[in-house]
Every structure is written in structure tokens, then in C-alpha cells.
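Chemist: Here it is, the structure in full.
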Amino acid sequence: MSTSTCGTDAAPAPADSPAPAEARQSGPRHVMQMRLLGPMEASLGGEPMLLGGSRQQTVLAALALEANRVIPLDRLIRAVWDDAPPSTARSQIHICISALRRILAVGDAPVIVTRSPGYLLALPQDNIDAHWFDSLVTRGRTAAGQGRTAAAADSLREALTLWRGPALSGIPSRIVQAGATKLDEARMAATEERIRLDLRLGRHHEIIGELHALTAAEPFRETPQAQLMLALYRSGRQAEALETYQKVRATFAAELGIEPGEELRKLHHDILAGHARLDLAAQQGDHAGERAPAPVEIVTTPRQLPGGVHDFVGRTRELARIRAALLPEPDDAAAAPAPRVMAVSGRPGAGKSTLAVRAAHEVSDAFGDGQLYADLGGFRDPARGAHEVMGGFLRALGVAAHVIPDDARERTELYRSRLAAARVLIVIDNAVSEQQVTRLSPGSGRCAVIATSRSRFTGLPGAHQLDLCVLGRKESEEFLTRVLGAERAAADPAALGALARRCGGLPLALRIAGARLAARAHWPVGRLVERLGDEDQLLGELVHGELHFRGCLQESYEALDPAARGLFRRLALLEAPDFSGWIAAALCDRSLLEAEDLLEALVDARLIEAATGARGQGTRYRFPDLVRAYARERLRQEEPQPERRAALLRTLGTWLALAEEAHRKEYGGDFLLVHGDAPRWRLPKAFTDRLLRRPMAWLESERRCLTAAVLQAADHQLPEHCWDLALTSTTLFAAGGHFADWRQTASAALGATEQYEIPRGRAASHYSLGSLHTAQGRLDQAAAHFDTALGLFTALGDDRGAGLVLTALGEVSHGLGRDAAAHRQWAAGLRALRRAGDRIGQARVLCAMARARLAEGDCPRARRHLVKALGACRSAGSSRAEAPVRLLFGQLHLRTGRLGSAERGFHWALRVARADGDRACEVRALHGLGLVRRGQGRPGPARTALSQALELARQTGDRELTERVGRSLVAPSQAGERSCPPSHDSV
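Position 788 of the sequence shown, counted from 1, bears residue number 789 in the numbering used here, the numbering being contiguous throughout.
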């Protein structure tokens with residue numbers, strides 16, 4: 002159909018098809034009829050049906066407007082409640098549907114059918130008056146094109162008799178009235194066309210009264226005014242025709258500040274001159290029944306661009322790019338074989354339409370033959386296609402409606418022919434597909450096209466691409482200042498900046514926020530900032546009149562397929578600031594390839610953002626803040642709680658499995674850690690191996706996610722995931738000096754395990770906190786945590802846990818000057834770790850013992866401990882565990898004067914540390930190299946290495962290490978220090 006919105010499968014009625022009234026009278030008496038062309042009515046066998054209350058009528062109207070199409074449940078909710086649905090909206094719609102099914106029950110087949118993601122009104126198109134109207138209008142236009150003017154006028158007149166008043170009057174729904182407006186506009190177009198045909202048939206006397214009523218109701222519609230002037234002129238009432246023009250001109254000047262259009266001005270001139278082309282004979286055929294010649298066309302210059310906005314800010318570079326793309330050198334333009342196309346894409350609310358209109362106005366002088374504009378409606382109105390828009394463009398270019406072909410190919414040929422020699426700018430706003438833009442693009446290189454879409458139209462041949470970003474901080478604040486006024490904005494600059502950040506730099510959000518404040522002059526800016534601080538209410542606050550940010554996100558969401566919508570909702574479960582692609586596989590329990598496709602669908606819809614991650618770590622994705630708020634709304638409304646929890650369990654299980662595997666690859670096995678019973682969700686081995694090719698780099702790239710995952714596990718009563726992931730993550734926290742993350746996750750794990758009484762988790766959390774205190778030089782606090790951990794591990798019979806704690810306790814005792822206690826603890830720890838088979842744990846004890854022997858000056862015993870430790874590390878295949886051993890060998894060589902061997906050992910450790918991102922090990926290696934160079938009599942290189950070590954030590958936050966390196970830097974005489982600092986390369 003071309004004008005109604007009642008479905009996609011209707012075909013124009015053939016010329017010999019029965020009239021609507023006949024069809025209804027001869028049709029089965031048990032078939033339901035729907036009448037939309039006036040107050041909505043439904044009847045069965047001619048008897049009216051009681052449709053229930055306003056809510057049921059709104060739902061039925063929304064379904065009837067798009068009969069035989071699936072209407073999503075969310076659209077029905079918006080039809081009833083606009084953008085403020087109650088929490089029970091879904092269930093209330095279900096109740097309405099059930100009631101309507103009972104009312105409309107006809108035979109065995111249901112009239113309203115459930116079909117994902119909503120409902121469908123299954124009704125033959127012939128049973129809807131809007132369809133009959135459309136069929137009759139099409140028949141009339143076909144007859145007019147064949148020269149059968151009288152038959153065409155009769156068909157249009159019959160079509161107009163179907164109307165009983167404004168379409169769907171009495172139903173206040175915004176969505177329903179949008180569809181009703183289209184029907185009303187189609188009625189007006191049909192009326193104008195029928196009057197044109199009556200004028201050709203010489204019925205000018207008969208239609209003057211009708212035209213007076215029509216122009217009184219639509220004073221700014223120029224076509225009826227022109228028809229009234231022509232009818233009066235042909236009726237011998239030239240003075241009244243001229244008076245009509247003067248009244249129109251005065252009304253336009255007073256109300257709109259403009260002159261009448263070119264067509265009316267030309268008609269006025271011709272009436273004054275008594276031009277022969279206005280005579281009836283000039284527009285009639287020589288013989289009845291023959292095709293009449295086309296009427297003289299008044300070619301107009303279309304100026305369809307919407308008005309710009311006065312508070313437009315920024316976008317200087319973007320406007321320059323558009324001008325450069327659309328305004329090439331004159332010689333290039335003459336030789337261009339195709340129109341110049343600028344495709345502007347961007348997120349919902351980024352200001353694409355505003356930018357396109359602004360740019361179009363700036364370049365309009367270069368397109369003297371006119372500017373065409375069409376809003377294709379994006380996802381709001383996907384049914385509005387290029388065919389319909391092209392018909393409107395042709396009418397704007399002066400082509401009479403009755404000569405516009407219905408055939409798509411012929412219509413396109415006429416359109417391109419019309420523009421072949423013209424300089425016209427075409428703005429195609431809110432396109433959904435590249436095909437729409439291609440259809441509406443002219444063939445002439447003299448023309449240019451600006452197309453906007455949320456999608457990137459990279460498939461448009463030769464198109465210039467502009468991906469529109471959000472406004473920067475200064476531009477956002479300037480935008481708000483222009484809306485609020487300089488004085489109000491300057492009253493609280495901090496609040497103004499906070500408001501700009503809350504709006505995410507999105508012009509639509511900024512405009513709504515500014516409009517809300519402008520409407521509430523008594524509010525300080527900070528008041529709205531506070532209200533926007535609650536994520537649950539965020540989108541509810543970004544509403545002002547017809548402006549609402551939630552709506553533009555909802556359009557994109559509803560256009561996704563069900564699987565992509567499901568992923569979108571579940572991504573809102575994450576507390577992490579960004580995430581990797583494999584997360585989607587865990588959330589949706591799908592293969593990696595399927596998950597990647599779903600993620601990219603969300604990227605294409607501009608609902609999530611993608612960016613290249615660190616080297617070798619793949620793409621990272623993130624939610625813009627406003628989109629995350631919308632995703633969480635949908636999550637709460639549509640995702641059952643059991644499915645949410647299952648998705649979260651899989652995701653946390655995957656993080657845990659990957660963190661464990663990264664640790665294994667670094668240390669050659671599950672050494673130095675204890676684990677719990679939390680279920681793991683494992684990715685394919687080949688993928689995991691590629692992902693963890695550089696384990697420490699992967700851990701660093703996921704650091705903020707791991708921290709967020711631990712805290713989320715604690716918040717969602719998942720203590721096993723919480724403590725296990727927290728302990729495993731200390732491999733990263735200790736190496737990178739991320740002490741704040743370490744403290745936060747270990748404390749959360751301790752709280753969770755104490756609340757749920759998990760002894761192994763409590764022991765592991767105390768051990769982790771003790772290791773953190775040791776790294777930061779708080780030895781007494783460390784000892785308290787280690788004592789608690791040792792008691793718990795011993796009671797559990799956990800040799801590995803007890804051995805690790807005894808090793809750490811020995812280092813604390815040694816640091817407190819309790820050497821005898823330290824050696825007893827190390828010996829006990831070594832025995833426990835041997836029973837547990839933890840080779841890297843044993844190497845750690847041996848290193849601690851070697852360090853103590855070096856401090857005592859017992860180099861032979863230190864060497865024997867280090868040889869054993871090196872053998873344990875090599876048997877496990879862990880270069881990371883070997884690095885601390887090499888550092889101690891360097892210290893040993895430094896003490897014995899073998900500076901070359903010491904330098905080689907420190908260089909080896911430095912390479913490993915930098916490859917792994919182990920900043921603590923890097924500090925110690927640089928420290929050792931500085932001491933070696935000083936011993937070699939090279940004070941400059943020594944100071945360089947020590948200065949680098951000091952700067953890096955300060956970054957780690959390790960106070961004891963910082964003080965030790967600082968002493969070496971300022972006290973050259975202390976080059977032969979007693980030992981190197983304790984190593985905390987892991988927990």
C-alpha cells in the first residue's frame with residue numbers, strides 16, 4: 002500500500018474489483034470488520050462490538066494500524082503509557098489482550114495471535130476500511146494515468162466517503178495518533194487530487210463551496226488555495242480569485258512571516274493576465290475517453306530543509322569535512338559521474354540530524370535548484386521506505402501526483418531524469434539501510450547527498466564517512482550555558498561540569514537537561530545533577546515534553562533480534578568498566594563465534610562501543626553510561642532472576658578459570674595458591690592458550706574487571722567465587738603494586754567468607770591480607786593475619802596453605818629481628834610444602850632462607866639454598882619464579898665481588914620482570930644493577946639505574962623497598978648492603 006499503515010501484504014485493487022460497500026454486503030456475515038477512518042469501530046455482521054475501556058481500545062488500535070504485522074510488546078506498552086509505564090505494564094497488556102480475544106472471538110481461529118516478540122492482529126486486509134480507502138485511491142490514480150479522468154474522480158470520491166471524521170479520534174495515545182496522522186494526511190492528499198480531477202472535468206462551480214470550507218480548515222495549505230482561486234476564475238469570479246490570493250498573502254505574512262510559494266504567485270500573475278493556460282479547454286482531451294494531455298506543470302524549487310538550532314555549538318571540524326566532501330572544485334563537479342555522498346553515523350542522541358541540517362544550510366547556496374529533505378524515521382518508522390519518499394520528492398519537484406508511476410523502477414527512472422541537469426541537495430535523515438540511500442540518490446554528479454544513520458554505511462560506493470563522536474567537555478558546558486544563560490551557568494561551574502558529564506556529551510541528553518532546568522528557574526544546576534545520580538531513575542529524569550532519551554535507545558533495542566536483545570540485557574549484569582568479547586559467550590552460554598556476532602550486532606546498533614585493547618589482548622567493549630542505565634532497566638523488566646544468576650555464575654566462573662590458567666602458565670602449575678569449590682566455566686583450550694599467550698599482560702588488561710568481579714561476587718552472595726578469585730588475582734596485584742585493588746578484594750573476600758563461615762576461604766583471605774601488610778611494611782599487622790590463617794589451615798589439614806603461611810611468617814619474624822623463630826617457621830613450612838608437592842612454594846622458602854644467610858654473611862649456605870631453589874623453578878618450567886632466585890644469585894655474586902656474574906643475573910631478572918610487567922621485580926633488578934655499576938666505578942650509570950628504581954618503587958607504593966633504594970642512592974658507602982629486600986613477587 003502507498004498511504005495506509007495497515008500492513009505490507011496488501012495489493013492495489015484491480016480496476017474491476019467490487020466496490021468496498023458491495024464487498025462488505027456480500028461477504029460472510031461472521032467476518033469482523035474494523036473501521037479506523039473516524040472513531041474506531043469493530044463490527045460483526047453489521048452489529049457493533051463493545052470494545053471495552055480506553056486501554057483496550059488503545060491496544061487494539063495499535064494492532065489494527067499494522068494489521069498482520071507483529072507488534073512488539075514494548076511498543077504496545079508505549080502506546081498505552083508513553084514513556085512512563087508502571088512496573089505491572091507487561092501483565093496489564095496481557096490482561097488487555099485476553100479481554101480483546103474474548104470480545105473479538107470469531108470462529109475457531111484467534112483474531113489476536115501471540116508471536117514473538119509481541120502480538121499480531123490476524124484480519125484480512127479487505128475487512129479494514131483503511132485498506133479499502135488505499136485500494137480505491139490507487140485505482141483512481143491508475144485511471145487518471147490512463148486518461149480516464151471521470152472514472153478516476155469517481156474512485157477517489159468513493160474512497161473519501163469511507164471517512165467518518167478524523168482517523169482514530171478519541172484515542173489519545175501518541176503512537177496511535179502518529180499512525181492516525183498518516184491516514185489523515187492521505188485523506189487530504191486524496192481530496193486535493195479529486196478536486197484537481199473535478200477541475201479538469203469542468204466541475205468548478207460544484208466545488209467552490211467545498212474549497213471554501215477546506216481552505217478555512219487548512220489555511221496554510223497552498224494547494225487548496227490555488228484550486229479555489231482557479232475554480233473562482235473559471236466561474237467568472239476573477240475579482241474573488243484575486244481577493245483570495247491577497248487574503249492568503251496577508252495570512253502568511255502575519256502568521257509565518259513569509260510570502261506564498263512560487264506556484265501560488267505564478268497562478269496569481271496568470272489570473273491577472275488572463276492567461277490562456279488557465280482555461281478549461283487547455284486541459285481537456287480532444288475526444289472523450291482518450292488520454293488527456295498532462296496539465297501544464299508549474300516547476301517549483303523545493304526548499305524542504307528544517308530550520309536549524311540557535312544553540313548549535315562546536316562541530317567545526319565535522320562541518321569542514323562535510324563542506325569539503327560536498328563542495329569540490331567546479332571543474333571536478335562538472336566531470337563527476339555520480340553524486341557526492343556524505344554518510345554521517347553515530348550513537349543515539351549524538352546530534353546527527355542537527356549536524357546534517359546545519360551543514361545542509363551552510364552549503365545550500367551551491368544547490369540553486371533546491372534542497373530535498375526526508376526523515377525516514379529510522380527504527381521508529383521502518384515501514385516508510387524509499388518508494389514513498391521518492392513520490393514525495395517528485396511532487397516537490399513539480400511532478401503531478403497522477404503521473405508518478407507506481408512501478409518502483411519507473412519511479413526511480415523519472416526521479417533521476419528529473420534531477421539529471423539540476424543542482425539539488427538531498428538530505429536523507431535517519432536511514433536504516435544502505436539500500437534506502439542508494440534508491441534516493443540521484444544519478445547526476447551535480448547533486449549531493451547527506452545521509453544520517455546509527456549504522457555505518459560503509460557499503461555505499463564512494464561515500465565519505467563521518468562517525469560522529471560525543472561533544473567534548475568544553476563544548477558540552479558551552480551548550481548548557483547557551484540554554485541556561487551565562488549568569489545561571491556561572492553560578493555553579495562545578496555543577497555545570499558534573500551535569501555535562503552525566504549527560505555523556507550527548508547533545509540530546511544535554512538539550513533535555515537544559516530544557517528541564519530552563520523550565521524550573523528555581524532549581525540550582527546541582528539539583529538536577531543530584532537527581533541524575535541515581536542510575537535507576539536516570540532515564541526517567543531525562544524527559545521534557547516530547548523529548549525523551551529512553552525512546553531513542555528503545556528504538557535501537559527493539560530493532561535487534563531476540564538473541565542480541567538477550568545479550569544486551571545480560572551485559573548489564575557486569576559491574577566491570579569494560580569487557581572482552583569472550584564475556585558474551587559466558588553470559589549467553591553460546592559459542593565464541595556466535596557470541597562475537599551478537600556483540601558486533603550491538604556495536605552496529607551503537608548500543609556498545611568497541612576499542613582496540615592492549616597489544617595481543619583483542620578488542621575491548623564498553624557501555625556508555627546512559628545505555629548501561631537503559632540495559633539495566635530492560636534486565637529488571639525482562640530477565641528472570643534464575644537466568645540472571647546463572648549468567649553471572651558462568652561469567653564469574655570463566656574469570657576464575659582464566660585467572661587460574663594465567664597463574665599456571667606463569668608458575669608452571671597450581672603452585673603458591675589454594676582453591677575452593679566454585680564452579681568454573683571454561684572456554685575452548687585453543688582459544689584460552691591464544692588469549693593467555695602473555696599471562697601477566699592478560700591479567701593486567703583484566704585488572705579492573707577482576708576487581709569488580711570479586712566485589713560483585715561478594716554482593717551477590719557468591720563467597721566461593723569471591724575468595725578464590727581474590728586470592729588468584731594477587732599474582733597480578735603483588736607484581737604490579739596494585740595495593741588498593743589488593744586491599745579491596747581481600748577485605749571483601751574476608752567479609753564474605755566470615756559471613757558464610759567458609760574456613761578455607763577465611764584462611765586464604767587472612768593470608769592474602771597478611772601478605773599485603775608485609776609488602777607495605779606493616780609487619781605486626783601481617784603477623785596477626787598470618788597467625789589466624791595458620792590456625793585455620795592447620796585445622797583443615799591443608800599442607801599447602803599452612804606451608805605458604807609459615808613461609809610468610811618466617812619473613813615477618815626475620816624482619817622483626819626474630820631470626821631463630823624465622824628459621825623454625827621456614828623449616829616447618831618447607832616440610833609442609835614438600836608434602837603438598839608445591840615446588841615453587843619450596844623455592845620461595847629456600848629463597849627466604851638464602852636471603853637470611855646472606856644477611857648473616859654465610860654465603861656458602863646461601864648458595865646451597867639457591868641452587869636447590871633454582872632446580873625447583875626449572876623443574877616447574879617457570880621463568881617468573883626463577884627471577885627472584887636470579888636476583889639473590891646477583892646479591893650473592895655482588896657480595897663475593899663477582900660483578901660480571903652479578904650484572905648478568907640482574908639483567909636476566911630485569912628482562913623477565915619487564916616482559917611480565919612485574920614492577921616489584923623490576924625495581925630489585927634495577928637496584929642491583931645500580932649497585933653493580935657503582936662497584937665497577939661507573940657513578941653515572943649507577944645513579945641512572947638507582948634513580949629509575951626509586952621512581953618505580955614509589956609508583957608501587959612499597960615503602961620499605963622505596964626506603965631501601967633511597968638509602969642506596971644517597972649513601973654510596975653503603976654499596977655493600979647486607980642483603981637485598983624481601984621478594985613479594987606474588988603472595
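Using N, Cα and C, we set each Cβ at its ideal position, and we do this for glycine too.
Since the model is a prediction, treat every value here as computed from it, not as a measurement.
Going by Cα to Cα distance, which pick from Gln-826, Asp-820, Gly-878 is closest to Ala-1?
Modeler: Absent from the model: residue 1. The displayed extent of the chain is 2 to 988, so no value can be given.
Chemist: If we ignore side chains and look at the alpha-carbon of each, how far apart do Arg-761 and Leu-728 end up?
Modeler: Taking the sequence shown and counting its residues from 1, the one referred to as residue 761 is at position 760. Taking the sequence shown and counting its residues from 1, the one referred to as residue 728 is at position 727. Using only the alpha carbons, I get a separation of about 11 Å.
Chemist: Do you know offhand how far Asp-271's Cα is from Phe-368's?
Modeler: Within the sequence shown, numbered from 1, the residue matching residue 271 stands at position 270. Within the sequence shown, numbered from 1, the residue matching residue 368 stands at position 367. Going by the C-alpha atoms only, they are around 28 Å apart.
Chemist: Return the CA-CA distance between Val-971 and Ala-903, expressed in angstroms with no decimal places.
Modeler: For the purposes of this step, residue 971 is identified with residue 970 of the sequence shown, where counting begins at 1. For the purposes of this step, residue 903 is identified with residue 902 of the sequence shown, where counting begins at 1. The straight-line gap from Cα to Cα measures roughly 22 Å.
Chemist: Does the structure place the segment 673 to 693 close enough to the segment 795 to 815 that three or more beta carbon pairs sit under 8 Å?
Modeler: Result yes; three or more Cβ-Cβ pairs closer than 8 Å.
Chemist: How far does the beta strand (DSSP E) with His-465 in it extend, from its first residue to its last?
Modeler: Counted from its first residue, the sequence shown places residue 465 at position 464. Unbroken beta strand (DSSP E) run through His-465: 465 to 469.
Chemist: Whole angstroms are fine: how far does the CA of Ala-496 sit from the CA of Ser-88?
Modeler: On the sequence shown, residue 88 is found 87 positions in, with the first residue counted as 1. On the sequence shown, residue 496 is found 495 positions in, with the first residue counted as 1. Going from the Cα of Ser-88 to the Cα of Ala-496 covers about 32 Å.
Chemist: What number of angstroms, rounded off, separates the C-alpha of Tyr-757 from the C-alpha of Leu-719?
Modeler: By one-based count along the sequence shown, residue 757 stands at place 756. By one-based count along the sequence shown, residue 719 stands at place 718. Between Tyr-757 and Leu-719, the C-alpha separation is close to 9 Å.
Chemist: Please tell me whether Val-138 and Ala-65 are closer than 8 Å, where the distance is taken between their beta carbons.
Modeler: Mapped onto the sequence shown, residue 138 falls at position 137. Mapped onto the sequence shown, residue 65 falls at position 64. Contact flag unset, no.
Chemist: Near Gly-444, which residues of its chain fall below 6 Å by C-beta distance, leaving aside the five closest residues on each side in sequence?
Modeler: Numbered from its first residue, the sequence shown carries residue 444 at position 443. Result list for Gly-444: Arg-417, in chain order.
Chemist: Closest to Arg-304 by CA distance: which of Gly-262, Trp-82, Ala-630 is it?
Modeler: Locating residue 304 in the sequence shown gives position 303, counting from the first residue. It is Gly-262.
Chemist: Could you tell me the alpha carbon to alpha carbon distance between Leu-608 and Arg-637, rounded to whole angstroms?
Modeler: Translated into the one-based positions of the sequence shown, residue 608 becomes position 607. Translated into the one-based positions of the sequence shown, residue 637 becomes position 636. Approximately 18 Å, taken between the alpha carbons.
Chemist: As a quick exercise: from Gln-538, Pro-696, Gln-372, pick the residue whose alpha carbon is nearest that of Ala-914.
Modeler: Here the question's residue 914 lines up with position 913 in the sequence shown. Considering only alpha carbons, the answer is Pro-696.
Chemist: Can you tell me where the beta strand (DSSP E) holding Thr-613 begins and where it ends?
Modeler: On the sequence shown, residue 613 is found 612 positions in, with the first residue counted as 1. Its beta strand (DSSP E) spans residues 610 to 613.
Chemist: Return yes when the Cβ of Pro-508 is within less than 8 Å of the Cβ of Gly-393, no when it is not.
Modeler: In the sequence shown, residue 393 corresponds to position 392, counting from 1. In the sequence shown, residue 508 corresponds to position 507, counting from 1. Taking 8 Å as the Cβ cut-off, Gly-393 and Pro-508 do not qualify as a contacting pair.
Chemist: Looking at C-alpha atoms only, which residue of Gln-538, Val-628, Glu-661, Glu-597 is the closest neighbour of Pro-578?
Modeler: The sequence position of residue 578 within the sequence shown is 577, counting from 1. Comparing Cα-Cα distances from Pro-578 to each of Gln-538, Val-628, Glu-661, Glu-597, the minimum goes to Val-628.
Chemist: Hey, would you say Gly-878 sits closer than 8 Å to Ala-736, going by beta carbons?
Modeler: Taking the first residue of the sequence shown as 1, we reach residue 878 at position 877. Taking the first residue of the sequence shown as 1, we reach residue 736 at position 735. Going by C-beta atoms, Gly-878 is not nearer than 8 Å to Ala-736.
Chemist: What's the C-alpha gap between Glu-291 and Arg-158?
Modeler: Against the sequence shown, residue 291 aligns to sequence position 290. Against the sequence shown, residue 158 aligns to sequence position 157. In this predicted model, Glu-291 has a pLDDT of only 38, less than 50, meaning its place in the structure is not dependable enough to derive any value.
Chemist: Have a look at Thr-4 and Ala-187 and give me their C-alpha separation to the nearest angstrom.
Modeler: The count along the sequence shown starts at 1 and reaches residue 4 at position 3. The count along the sequence shown starts at 1 and reaches residue 187 at position 186. Summary for Thr-4: the model assigns pLDDT 40, below 50, so the residue's position carries little reliability, and this model does not support an answer.
Chemist: At which residue ranges does the segment 354 to 433 contain complete beta strand (DSSP E) runs of 3 or more residues, listed in the order of the chain?
Modeler: The segment 354 to 433 contains these whole beta strand (DSSP E) runs: 372 to 376, 426 to 430.
Chemist: Given that a residue counts as buried once 16 or more other Cβ atoms are within 10 Å of its Cβ, and exposed if not, what is Gly-891?
Modeler: Translated into positions along the sequence shown, residue 891 becomes position 890. Buried is the call here.
Chemist: Taking the alpha carbon of His-664 as the point to measure from, which residue in Ala-361, Asp-725, Ala-560, Gly-967 has its own alpha carbon closest?
Modeler: As a first step, residue 664 is located in the sequence shown; it is residue number 663 there, counting from the start. When only C-alpha atoms are compared, the closest one is Asp-725.
Chemist: Is the segment 631 to 649 close to the segment 561 to 579, with three or more CB pairs under 8 Å?
Modeler: The segment 631 to 649, when compared against the segment 561 to 579, does touch it at the 8 Å Cβ threshold.
Chemist: According to DSSP, is Gly-347 helix, strand or coil?
Modeler: Looking up residue 347 in the sequence shown gives position 346. Three-state result, Gly-347: strand.
Chemist: According to DSSP, is Pro-73 part of a helix, a strand, or is it coil?
Modeler: As a position in the sequence shown, residue 73 is number 72, starting the count at 1. Residue state, collapsed to three classes: strand.
Chemist: How far does the alpha helix (DSSP H) with Ile-98 in it extend, from its first residue to its last?
Modeler: Along the sequence shown, read from residue 1 onward, the residue named residue 98 stands at position 97. Note, Ile-98: alpha helix (DSSP H), 90 to 104.
Chemist: Would you say Ala-803 reaches chain D, if we count a Cβ-Cβ gap shorter than 8 Å as a contact?
Modeler: The structure shown contains no chain D; it holds only a single protein chain.
Chemist: Under the assumption that Ala-449 contacts Leu-327 (Cβ atoms under 8 Å), give the Cβ distance between them as a whole number of angstroms.
Modeler: Sequence index remark: in the sequence shown, residue 449 carries index 448 (1-based). Sequence index remark: in the sequence shown, residue 327 carries index 326 (1-based). Right, their Cβ atoms sit about 4 Å apart.
Chemist: Less than 8 Å between the beta carbons of Met-230 and Leu-268, yes or no?
Modeler: Against the sequence shown, residue 230 aligns to sequence position 229. Against the sequence shown, residue 268 aligns to sequence position 267. Taking 8 Å as the Cβ cut-off, Met-230 and Leu-268 qualify as a contacting pair.
Chemist: Output the distance between the C-alpha atoms of Phe-580 and Thr-708, rounded to the nearest integer angstrom.
Modeler: The count along the sequence shown starts at 1 and reaches residue 580 at position 579. The count along the sequence shown starts at 1 and reaches residue 708 at position 707. Spanning the two alpha carbons is a distance of roughly 13 Å.
Chemist: Straight-line CA distance for Phe-794 to Ala-822?
Modeler: For the purposes of this step, residue 794 is taken as the residue at position 793 of the sequence shown. For the purposes of this step, residue 822 is taken as the residue at position 821 of the sequence shown. C-alpha separation (whole angstroms): 20 Å.
Chemist: What does DSSP give as the partner residues of Tyr-120 in its beta bridges?
Modeler: As a working mapping, residue 120 is identified with position 119 in the sequence shown. Looking at the DSSP assignment, Tyr-120 forms a beta bridge with Ile-72, Thr-115.
Chemist: Per DSSP, what kind of secondary structure is Ile-176 in: helix, strand or coil?
Modeler: Residue numbering aside, residue 176 sits at position 175 when the sequence shown is read from its first letter. Ile-176 falls in the helix class under three-state DSSP.
Chemist: How about Leu-184 and Ala-227: do their beta carbons lie closer than 8 Å?
Modeler: Within the sequence shown, the letter at position 183 stands for residue 184. Within the sequence shown, the letter at position 226 stands for residue 227. No, the pair does not count as a contact, with Cβ atoms beyond the cut-off.
Chemist: When the Cα atoms are used, what is the spatial distance from Cys-723 to Ala-658?
Modeler: Stepping through the sequence shown from its first residue, residue 723 is reached at position 722. Stepping through the sequence shown from its first residue, residue 658 is reached at position 657. Cys-723 and Ala-658: Cα-Cα distance of roughly 13 Å.
Chemist: Among Glu-256, Thr-252, Leu-279, Leu-212, which has the Cα closest to the Cα of Gly-237?
Modeler: Residue numbering aside, residue 237 sits at position 236 when the sequence shown is read from its first letter. Comparing Cα-Cα distances from Gly-237 to each of Glu-256, Thr-252, Leu-279, Leu-212, the minimum goes to Leu-279.
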